Amino acid sequence: MLVTGGAGFLGSHLCARLLADGHEVLAVDNFFTGTRDNILSLLDNPRFELLRHDVTFPLYVEVDEIYNLACPASPIHYQFDPVQTTKTSVHGAINMLGLAKRTRARILQASTSEVYGDPEVNPQTEDYRGSVNPIGPRACYDEGKRCAETLFFDYKRQHGTDIRIARIFNTYGPHMLPDDGRVISNFIVQALRGEPLALYGDGSQTRSFCYVDDLVDGLVRLMDSDEIGPVNLGNPAEITIAEVAKKVIGLVGSGSSIETRPLPADDPTRRCPDIGLARRTLGWEPKVALDDGLKRTIEYFRGLL
Ligand code: NAD
Ligand code: UDP
Numbered sequence: 012m013l014v015t016g017g018a019g020f021l022g023s024h025l026c027a028r029l030l031a032d033g034h035e036v037l038a039v040d041n042f043f044t045g046t047r048d049n050i051l052s053l054l055d056n057p058r059f060e061l062l063r064h065d066v067t068f069p070l071y072v073e074v075d076e077i078y079n080l081a082c083p084a085s086p087i088h089y090q091f092d093p094v095q096t097t098k099t100s101v102h103g104a105i106n107m108l109g110l111a112k113r114t115r116a117r118i119l120q121a122s123t124s125e126v127y128g129d130p131e132v133n134p135q136t137e138d139y140r141g142s143v144n145p146i147g148p149r150a151c152y153d154e155g156k157r158c159a160e161t162l163f164f165d166y167k168r169q170h171g172t173d174i175r176i177a178r179i180f181n182t183y184g185p186h187m188l189p190d191d192g193r194v195i196s197n198f199i200v201q202a203l204r205g206e207p208l209a210l211y212g213d214g215s216q217t218r219s220f221c222y223v224d225d226l227v228d229g230l231v232r233l234m235d236s237d238e239i240g241p242v243n244l245g246n247p248a249e250i251t252i253a254e255v256a257k258k259v260i261g262l263v264g265s266g267s268s269i270e271t272r273p274l275p276a277d278d279p280t281r282r283c284p285d286i287g288l289a290r291r292t293l294g295w296e297p298k299v300a301l302d303d304g305l306k307r308t309i310e311y312f313r314g315l316l
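So for the sequence shown, the working numbering puts the first residue at 12; every next one is plus one.
Dropping the structure here:
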């Protein structure tokens, strides 16, 4: 099994899960946002191999299945070098699809709820075509991921490539970077340090947060199923960001205050997955409630800090 982005947040958990299932795993990563620390416990496993490689360059290895996760996922990281972000999604997809074509491997793309942009319908179903600003600061990520989905379906139509596409909604848990920039890790780190929590905008925007173990289970089920997708994977429990801030302060037992900051451009106002397709075709739904997942994530960051 090849996992691109294998040293990242989701990739490291996926590698651990695949090893636990008895597979041989090759993790490929350029360490832009991933770290060796995330996979330290896997490095001694004789069925695990790590390769420093940038997926924007071709890769020649022999594999049966490819999980294509390589791409920074946090807005601050994917906007740091937006041209490289688009290259990673587009050239990365072409290279990994080329590898899948040559080896006849099944290939799963880690797509995203960002393909829906700032959605006009809530919850989002897979047939909703999205509302993306093609020239905004999030476009390098959103349009790169949309183009990758196009490439996956064109490789299927043109070359018969065996594809799977997961549209992943906000996921959180251990192995996020303390300076990752995404909301759950930011709030937990700020609460643990007793610093004010930085709430962007008035906090009325919503997200739906999925714990990492649930998400990884969904990815594996999709890879093993006949459904090709796109399939939404996420937790449909929708919550405002202001509520998340209060919840984190409560669970940490912190004296932190909440300070508002300007809302970043094109920040989606609502986001919630319709997971009917995943329920029907994969028999999958999230099991970990937000409070429980937050407690586990808080313990991880407490240890780290
Ligand atoms: P992450 O930033 O922790 O992991 C991404 C990994 O890809 C990192 O290890 C990074 O070093 C690596 N990478 C980046 N560019 C690369 C390149 N050119 N070549 C090789 N490796 C490269 O992010 P994550 O949360 O683990 O996300 C993993 C995947 O899931 C991404 O494709 C992301 O778009 C997708 N996704 C994640 C979420 C989420 O909430 N976590 C939501 C939607 C989609
Ligand atoms: N957000 C926030 N404070 C932070 C980081 C993010 O209020 O320190 C907000 C952000 O504006 C967005 C939501 O939390 O409305 C989720 O942001 P994140 O970057 O985690 O994910 P995305 O916007 O890609 O869903």
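We treat Cβ as the ideally placed atom computed from N, Cα and C, and that holds for glycine. Source: prediction; values computed, not measured.
The beta carbons of F164 and C221 sit about 25 Å from each other, so the pair does not count as a contact at 8 Å. The beta carbon of L274 sits closer than 7 Å to at least one heavy atom of ligand 2.
Rounded to the nearest angstrom, the gap between the Cα atoms of H186 and E131 is 32 Å. Taking C-beta separations shorter than 8 Å and ignoring five residues to either side along the sequence, the partners of G205 in its chain run S265, G266 and S267, following chain order. Shown here, Q201 sits in a helix according to DSSP, grouped into three states. Each of I199, Y139, G229 and Y127 was checked against the Cα of R175, and the nearest Cα belongs to G229.
Taking the Cβ atoms as the reference, P86 lies roughly 19 Å from C283, outside the contact range of under 8 Å. Here Y89 carries a helix assignment [DSSP, helix/strand/coil]. Note that the C-beta distance between G17 and A38 is below 8 Å. Across the set G128, N243 and S196, the C-alpha of G128 shows the shortest separation from the C-alpha of T280. Rounded to whole angstroms, the Cβ separation of H24 and V299 is 13 Å, and the two are not in contact under 8 Å. Per DSSP, the beta-bridge partners of T182 are C221. Residue environment for R178: buried (at least 16 other C-beta atoms within 10 angstroms of its C-beta). For G128, DSSP records a beta bridge to S142. With contacts defined as CB atoms closer than 8 Å, L119 and L233 qualify as a contacting pair.
In the three-state reduction of the DSSP assignment, A104 falls in the helix class, which pools H, G and I. In the three-state reduction of the DSSP assignment, S236 falls in the coil class.
In this structure, ligand 2 has no non-hydrogen atom nearer than 7 Å to the beta-carbon of D277. Cβ atoms of T67 and K98 come within 8 Å of each other, at about 5 Å. Less than 8 Å divides the Cβ of L208 from the Cβ of I260.
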